[in-house]
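Undergrad: The structure under discussion is supplied below as structure tokens; questions concerning it will follow.
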Amino acid sequence: MNRDEIILSGLGGQGIILAGYILGKAASLFDKKNATHIQDYGPEARGGACRTQVVISDSKISYPYIDNPSVLAVMSQEAYTKYSPRMRQNTVLLADEDLVKLKKSKHASLFAVPATRIAQELGRVAVANIVMLGFIIAITKVVSVEAMKKAVFESVPKGTEELNMKAFDRGYSYGLEKLKTVKGEEK
Amino acid sequence: MPRVGPLVGEFFMNGDTACAEGAISAGCRFFAGYPITPATEVAERMSARLPEIDGIFVQMEDELASMNAILGASWAGVKAMTATSGPGFSLMMENLGLGVMLETPCVLANIQRAGPSTGLPTLVGQGDMMQARWGSHGCYSIIALSPSSPQECYQLTIKAFNLSEKYRLPVLIMSDEIVGHMSEKVVIPPPEDIEIFSRRKPTAVPEEYLPFEPDADLVPPMANAGEGYRFHVTGLTHDERGYPVMTAEAQDRLVRRLVQKIEQNKTDIIDIEEDGIDNAEVVVCSYGISARVSQFAVERARDEGIKVGMLRLVTVWPFPEETIRQISQRVKAFVVPEINYGQIALEVERCAGGAADTILVPNMGGSAHRPETIIDAIRGAVR
């Protein structure tokens, strides 16, 4: 049974929940797999720790929770501190390198991206989550690029589609470049 | 404003949203409610969708008024619903009883969070299952359905409307925070593929119409306001004409019928899902999100060679007494995981009548069970 277990985490307001929703939607509606998306829901909605769990599987998903993620994306120091102890030996860790100080030696498979900085370059910090999604897809391929593009396009606020597609592409190409230069541990 | 009908196609949506879409597919055109986590998304969706389809959305001053407003809308001939959670569910109890007494079709969704009182507003619970059965004063029967996925939130909301129209009573959707907030694929079929039941109308001429005279299934046909039939409705004990009669005889006649119209039609109402019950030594019986986690645990236990079956209660009330009774003759034990300190487990125990053990796997709320907890209980049950 192929079961991808993805945790996206960061701060409330970074669009973590939406990113998880888009990932689940892409897998479910466009890649025709089974997917569940759950969110940590609470007063952390603005500024506190925030997490979303996405399970993608070829078979029916009865348990939507993730104990040890196969993919962990962190966009805040707190999220890294909180969730990195839950990593398996082969968990792929992806981090916003400007927001998270990583203990590099600890992780077998680590990929860093300046997602927020790229978003700022594009003119809106709010699309950092979509940059991160592009990066995640390039590195992990948990969902097809076509499916992701459709899901991003359909899910972001009207009028911001072009900006978000650009953000996705930037994250995606950054990821592909990274794969060429880095194998395994971040240098 | 553009007019759009029910959605058709595949969607990635959460359980609350799917519940609202199910209501729209079922023909619901009136929603009255008061926002409360984790049920707010039902109201939010309805507030966006109902104006698009000539429906009415009202944000009421509280939950008492919300429940009353949907009763009134239903008597005006409109399919109506409300949605709430824990504290709001408590406030709706009085007028839920009024809905039962007036035999008013409507739907009440409870997206359960952990109580008592304000409890854990944003986190899961299943502690209102007995309140769903007995929460309003007096003696009555009720129908309650428990979805385990967003897809089922959609389907069971349609079913809830159909049952409420068929049996003329408020029907409860006993969902929970996890199912309500979880997103998953929801398939919405074209309207012509959806079975819709609407209240039976009287065939008598208006002069001879007795609004509470039942048909053979114990359900009286229902005239809507403005259709030319005169009727009187009251929360007082009443006769077939709908007028108050303050006698033990009238009470006996009315209350027996209110209970029996559900009990007598149980086979039509009850929906359960069985998996691997036939050669099972132990059967896990659960509902809602807990049934989903249970299914995961059951599959792991089978990998260990344990003969374990799964019984998922889609209909929780009326309780599938006969099914439990029959299974209890063949198995060692029932394992009942639920996010409370033992409610449905009491029913299972009652129906098993000592023929099989009942092992509660309690959880006080705030999160779903850990699968290992349920697997341990299954292991313990076969030992």
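Residue numbers (this note's numbering), protein chains in the order written: chain A, 2 to 188; chain B, 806 to 1188.
A virtual CB, placed ideally from N, CA and C, is assigned to each residue, including glycine.
In this text, all values refer to a predicted model and were calculated from it rather than measured experimentally.
#1: Under 8 Å: do the region 1052–1066 of chain B and the region 881–893 of chain B share three or more Cβ pairs, one atom per stretch?
#2: Where do the ends of the beta strand (DSSP E) carrying residue 978/B lie?
#3: Residue 1176/B touches chain A at which residues, Cβ-Cβ below 7 Å?
#4: Anything in chain B within Cβ reach of residue 20/A, meaning under 8 Å, just list it in chain order.
#5: Establish whether the CB of residue 1046/B and some CB of chain A are separated by less than 8 Å.
#6: Report all residues from its chain with a CB closer than 7 Å to the CB of residue 806/B; omit the five preceding and five following residues, and keep chain order.
#7: With hydrogens ignored, establish whether the beta-carbon of residue 140/A is closer than 7 Å to any heavy atom of the ligand NAP.
#8: Can you give me the start and stop residues for the alpha helix (DSSP H) that residue 803/B sits inside?
#9: Would you list the one or two residues that DSSP bridges to residue 1154/B?
#10: Check the C-beta distance from residue 125/A over to residue 164/A and give it rounded, since I have them as a contact under 8 Å.
#11: For a cutoff of 8 Å on Cβ pairs, would you count residue 865/B as touching chain A?
#12: Using a Cβ-Cβ distance cut-off of 8 Å, determine whether residue 25/A contacts chain B.
#13: From the DSSP secondary-structure annotation, give me the bridge partner or partners of residue 1217/B.
#14: Look at residue 91/A and residue 109/A and say whether their C-beta atoms are less than 8 Å apart.
#15: For residue 30/A, return the contacting residues in chain B, with the cut-off set at a CB-CB distance below 8 Å.
#16: Which same chain residues end up closer than 6 Å to residue 1/A when comparing Cβ atoms and leaving out the 5 residues on each side of it in sequence?
#17: CB-CB under 8 Å to residue 956/B, same chain, minus the five flanking residues each way: which ones, in chain order?
#18: Would you say residue 15/A faces chain B, with C-beta separation under 8 Å as the test?
#19: Tell me, to the nearest whole angstrom, how far the beta carbon of residue 899/B is from that of residue 869/B; I am working on the premise that it is less than 8 Å.
#20: In three-state DSSP terms, what is residue 15/A?
#21: Does any CB atom of chain A fall closer than 8 Å to the CB of residue 919/B?
#22: Report the residue from 826/B, 901/B, 962/B and 1140/B whose alpha carbon sits nearest the alpha carbon of residue 1180/B.
#23: Can you pull the chain A residues whose beta carbon is under 8 Å from the beta carbon of residue 983/B, in chain order?
#24: Beta carbon of residue 1024/B, beta carbon of residue 1071/B: below 8 Å?
#25: Exposed or buried, which one is residue 864/B when buried takes at least 16 other CB atoms within 10 Å?
#26: Using only the alpha-carbon positions, how far apart do residue 55/A and residue 67/A sit?
#27: Measure how close the beta-carbons of residue 1171/B and residue 919/B come, nearest whole angstrom, since I'm counting them as under 8 Å.
#28: For residue 38/A, which of helix, strand or coil comes out of DSSP?
#29: Three or more beta-carbon pairs under 8 Å between the region 904–920 of chain B and the region 955–974 of chain B, yes or no?
#30: Can you name the residues of chain A whose CB is closer than 7 Å to the CB of residue 1100/B?
#31: May I ask which residues mark the beginning and end of the alpha helix (DSSP H) holding residue 958/B?
#32: Under 9 Å Cβ-Cβ, which residues of chain A neighbour residue 937/B?
#33: Please report how far the alpha carbon of residue 945/B lies from the alpha carbon of residue 161/A, in whole angstroms.
#34: Please tell me whether residue 979/B and residue 933/B are closer than 8 Å, where the distance is taken between their beta carbons.
#35: When the Cα of residue 831/B is compared with those of 943/B, 953/B, 840/B and 1004/B, which residue comes out closest?
#36: What ranges does the beta strand (DSSP E) occupy inside the region 114–172 of chain A, keeping only unbroken runs of at least 3 residues that lie completely in it?
TA: The relevant details are as follows:
#1: no
#2: 975–981
#3: 64
#4: Those do not exist, as residue 20/A stays about 13 Å from chain B at its closest Cβ, beyond 8 Å.
#5: no
#6: Confidence at residue 806/B is low in this model, with a pLDDT of 43, below 50, so the placement of that residue is unreliable and no value is reported for it.
#7: The ligand NAP is not among the ligands present in this structure, which contains no ligands whatsoever.
#8: With chain B covering only 806 through 1188, there is no way to say anything about residue 803/B.
#9: According to DSSP, residue 1154/B bridges with nothing at all.
#10: 6 Å
#11: no
#12: yes
#13: It is not possible to answer for residue 1217/B, since the shown part of chain B is limited to 806 through 1188.
#14: yes
#15: 815, 816, 817 and 990
#16: Lying outside 2 to 188, the shown extent of chain A, residue 1/A is not represented and no answer is given.
#17: 823, 989, 990, 991 and 992
#18: no
#19: 7 Å
#20: coil
#21: no
#22: 1140/B
#23: 39 and 65
#24: no
#25: exposed
#26: 8 Å
#27: 6 Å
#28: strand
#29: yes
#30: 63
#31: 955–972
#32: Result: empty, since nearest Cβ-Cβ is about 23 Å, beyond 9 Å.
#33: 54 Å
#34: yes
#35: 1004/B
#36: none
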